[in-house]
Amino acid sequence: MVKKKRQSDPGENGDESTESCDENVKSACPHVAKAVDLTQLKKALKTGGFQKDCSECKKSPKIEVPDPDYEEDLSLWMCLRCGSQLCGRTRNKHALNHFHTPRSDCHALTANTTTWDIYCYNCNNEVTASSAKKLHECVEYLKKQAVGGGNAKSLPPIELPFIQDSKTDIATVETIIKIDPLSKGKDKAMFNGLPRVRGLTNLGNTCFFNSVMQCLVQTPYLLQVLQEMANPGERFTLPGGKLKLKPDGDDGKEVELPPITGQLAEWGSLTRTLAETLSELQAGEGGVYTPRKLLSALVNKLPQFGGGDQHDAHELLRHLLEAVRSEDLRRYQSVILSSLGMNSKVDPAKVDGEVKQKVKFYGQQASDTMLRPEQ
1 MVKKKRQSDP GENGDESTES CDENVKSACP HVAKAVDLTQ LKKALKTGGF QKDCSECKKS
61 PKIEVPDPDY EEDLSLWMCL RCGSQLCGRT RNKHALNHFH TPRSDCHALT ANTTTWDIYC
121 YNCNNEVTAS SAKKLHECVE YLKKQAVGGG NAKSLPPIEL PFIQDSKTDI ATVETIIKID
181 PLSKGKDKAM FNGLPRVRGL TNLGNTCFFN SVMQCLVQTP YLLQVLQEMA NPGERFTLPG
241 GKLKLKPDGD DGKEVELPPI TGQLAEWGSL TRTLAETLSE LQAGEGGVYT PRKLLSALVN
301 KLPQFGGGDQ HDAHELLRHL LEAVRSEDLR RYQSVILSSL GMNSKVDPAK VDGEVKQKVK
361 FYGQQASDTM LRPEQ
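The opening position of the sequence shown corresponds to residue 1 in the UniProt record's numbering, with each subsequent residue numbered one higher.
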């Protein structure tokens, strides 16, 4: 795993035109002609379909201790020449190794089967699908297969501005609240003075995701609360107390655990990305925003929301907030582990014996406090 994804997420700066959702144009790739074979991809998908796990990782899994400072990408990269689906640079680099394997044909182009980003290993750069007709047709075919097994129509990005026709919306508001005709001009002025809600690009059946984001943007104080976790150094104290150890060679003895005082680290990667997205949407700038970076970060932690399928918005909201809460709790757990003489980056669930019971005891005290996402 690496500290940051190697490629930047296109469209995350939010400067798209209000007339089009086209993303930043990338240079054309000269390897498309030899590195894309749609016929072979159709054969590969017919045989194995889309995979959720890297086949090479299954053969020789790489055991690592989870680290809250690192972001693991669970998405796979499909070779557009042969259809292999392997993990990327942020995991075990099997897709990169596949490219480096000596062959007579070119296996340089890959497509992320979660975000549909295209990358060329020869060019060492991202490639836009629309830069070549052959590549565009290939990617569109793969998207259709991923969404509906070939039966669903392609779902291009759609602009979803909250206010499309101010006159129509004003008429609707007037009908609902029965505006007095004498105060009509004043009320229209008040309505036009309200801030415009920024639209979100549809990244393929992501209406459920966009609706949750629009709700979070309008949630009072949420962004301020999240931003309080940005900087490290916040001090806290866990009271400790009496803990009766479970019988495991200690005959259930009772120990007195001392208080723990420490400083919290900075926020986790998902929390940071969520706050950055909310800040962009609340900035009041015009144009449609593409929340690809947040969606990718979410899918990395919760793969069930990838693949272009539709999901329940309330389910997404619960999982998203719980993931943010878990990242906040992890900051406390790191201090607890250090206080008990262990590496702060060790997974608390993998600690054994008496230490595990102590970690759980202090962890419950941290969980019982008012964590940031619960304020």
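Virtual Cβ for every residue (Gly too), placed ideally from N, Cα, C.
Any contact of the segment 259-276 with the segment 83-100, i.e. 3+ C-beta pairs under 8 Å? no
Per-residue DSSP class, three states only, for G353: Numbered from its first residue, the sequence shown carries residue 353 at position 353. Helix.
Identify whether A95 lies in helix, strand or coil by the three-state DSSP scheme. Counting from 1 along the sequence shown, the entry for residue 95 is found at position 95. Three-state DSSP puts A95 in a helix.
Go ahead and label N210 buried or exposed: buried means 16 or more other beta carbons lie within 10 angstroms of its beta carbon, across all protein chains shown. Here residue 210 refers to the residue found at position 210 when the sequence shown is read from its first residue. It counts as buried.
Reference D347; option with closest CA among E280, L38 and S334: The sequence position of residue 347 within the sequence shown is 347, counting from 1. The shortest Cα separation from D347 among E280, L38 and S334 belongs to S334.
Check whether the segment 128-145 and the segment 41-51 touch, using three or more Cβ-Cβ pairs below 8 Å as the test. yes
Alpha carbon to alpha carbon, what distance is there between F361 and residue 378? As displayed, the chain neither begins before 1 nor continues past 375, which places residue 378 out of reach and without an answer.
M221, buried or exposed, once every other Cβ within 10 Å from all chains shown has been counted against 16: For the purposes of this step, residue 221 is taken as residue 221 along the sequence shown, with counting starting at 1. Reading off the sequence shown, one finds Tyr at residue 221, where the question assumed Met. Exposed, because fewer than 16 other Cβ atoms sit within 10 Å of the Cβ of Y221.
So, using beta-carbon positions, are T273 and D328 closer together than 9 Å? Taking the first residue of the sequence shown as position 1, residue 273 is located at position 273. Taking the first residue of the sequence shown as position 1, residue 328 is located at position 328. No. Outside cutoff.
Measure the Cβ-Cβ separation of C138 and C29 and say whether it is below 9 Å. Within the sequence shown, the letter at position 138 stands for residue 138. Within the sequence shown, the letter at position 29 stands for residue 29. Against a cut-off of 9 Å, the Cβ pair of C29 and C138 comes out as no contact.
M213: first and last residue of the uninterrupted alpha helix (DSSP H) it sits in: In the sequence shown, residue 213 corresponds to position 213, counting from 1. Run containing M213: C207 to V217, per the alpha helix (DSSP H) assignment.
According to DSSP, simplified to helix, strand and coil, what is residue 379? Outside the shown range of the chain (1 to 375) lies residue 379, about which nothing can therefore be said.
Looking only at its chain, what residues have a beta carbon closer than 6 Å to the beta carbon of T369, apart from the 5 residues adjacent to it on each side? The residue given as residue 369 occupies position 369 in the sequence shown. Closer than 6 Å at the Cβ level, and outside the excluded window around T369, lies no residue.
Check F50 in the structure and name its three-state DSSP category. For the purposes of this step, residue 50 is taken as the residue at position 50 of the sequence shown. DSSP places F50 in coil when its eight states are reduced to three.
CB contact flag (E56, N97, <9 Å): Against the sequence shown, residue 56 aligns to sequence position 56. Against the sequence shown, residue 97 aligns to sequence position 97. Taking 9 Å as the Cβ cut-off, E56 and N97 qualify as a contacting pair.
According to DSSP, is V127 helix, strand or coil? Along the sequence shown, read from residue 1 onward, the residue named residue 127 stands at position 127. Reduced to three states, the DSSP call for V127 is strand.
So A44 packs on L80, CB below 8 Å; how close in whole Å? For the purposes of this step, residue 44 is taken as residue 44 along the sequence shown, with counting starting at 1. For the purposes of this step, residue 80 is taken as residue 80 along the sequence shown, with counting starting at 1. Incorrect: roughly 10 Å between the Cβ atoms, too far for contact.
Cα-Cα separation, G306 to D117: Reading the sequence shown from its first residue, position 306 is the one you call residue 306. Reading the sequence shown from its first residue, position 117 is the one you call residue 117. In a straight line, the C-alpha of G306 is about 14 Å away from that of D117.
In DSSP terms, what R235 is bridged to: Your numbering for residue 235 matches position 235 in the sequence shown. DSSP, once it has assigned bridges, lists Q263 as partnering R235.
Reduced DSSP category for E228 - H, G, I as helix; E, B as strand; rest coil: If you number the sequence shown from 1, residue 228 lands on position 228. Looking at E228 - three-state DSSP - the assignment turns out to be coil, as it is neither helix nor strand.
Beta-carbon proximity of T219 to T290, cut-off 9 Å: The sequence position of residue 219 within the sequence shown is 219, counting from 1. The sequence position of residue 290 within the sequence shown is 290, counting from 1. Cβ distance not < 9 Å, so T219 and T290 don't count as in contact.
Which word fits residue 377, buried or exposed, when buried means at least 16 other C-beta atoms lie within 10 angstroms of its C-beta? This structure gives no information on residue 377, because the portion of the chain shown stretches from 1 to 375.
Span separating the alpha-carbon of C215 from that of A132: Here residue 215 refers to the residue found at position 215 of the sequence shown. Here residue 132 refers to the residue found at position 132 of the sequence shown. Taking the straight line from one Cα to the other gives about 38 Å.
Count the other CB atoms, across all protein chains shown, that sit within 10 Å of the CB of A35; report buried if there are 16 or more and exposed otherwise. Stepping through the sequence shown from its first residue, residue 35 is reached at position 35. Classification of A35: buried, given that the 10 Å Cβ count is 16 or more.
For M78, the nearest candidate out of L109, K58, K59 and S60 (CA to CA): Taking the first residue of the sequence shown as position 1, residue 78 is located at position 78. Checked all of L109, K58, K59 and S60; the closest Cα to M78 is L109.
For a test of the three-state rule: what should DSSP assign to residue 381, helix, strand or coil? With the chain covering only 1 through 375, there is no way to say anything about residue 381.
Since V36 is in the alpha helix (DSSP H), which residue starts that stretch and which ends it? Here residue 36 refers to the residue found at position 36 when the sequence shown is read from its first residue. No alpha helix (DSSP H) contains V36, which DSSP labels as neither H nor E.
Own chain partners of V217 with C-beta closer than 7 Å, once the 5 adjacent residues on each side are dropped: To locate residue 217, count along the sequence shown from 1; it is residue 217. Contacts found: L278, L281 and Q282.
Given a cut-off of 9 Å, decide if C106 and H31 are closer than it, judged by their beta-carbon atoms. Here residue 31 refers to the residue found at position 31 of the sequence shown. Here residue 106 refers to the residue found at position 106 of the sequence shown. Taking 9 Å as the Cβ cut-off, H31 and C106 qualify as a contacting pair.
Buried/exposed call for residue 376, threshold 16 Cβ in 10 Å: Because the chain here runs from 1 to 375, residue 376 falls outside it and cannot be looked at.
Roughly how many whole angstroms lie between the Cα atoms of L316 and Q40? Position 316 of the sequence shown, counted from the first residue, corresponds to residue 316. Position 40 of the sequence shown, counted from the first residue, corresponds to residue 40. Going by the C-alpha atoms only, they are around 36 Å apart.
In whole angstroms, give me the CA-to-CA distance for P10 and G353. In the sequence shown, counting from the first residue as 1, residue 10 sits at position 10. In the sequence shown, counting from the first residue as 1, residue 353 sits at position 353. Only weak support exists for where P10 lies, its pLDDT of 37 falling under 50; the value from the coordinates is given anyway. Cα to Cα, the separation comes out at about 47 Å.
Please classify V359: does DSSP put it in a helix, a strand, or coil? For the purposes of this step, residue 359 is taken as residue 359 along the sequence shown, with counting starting at 1. In this structure, V359 counts as helix in the three-state DSSP scheme.
Between which two residues does the alpha helix (DSSP H) holding L298 run? Counting from 1 along the sequence shown, the entry for residue 298 is found at position 298. First-last of the alpha helix (DSSP H) with L298: R292 to K301.
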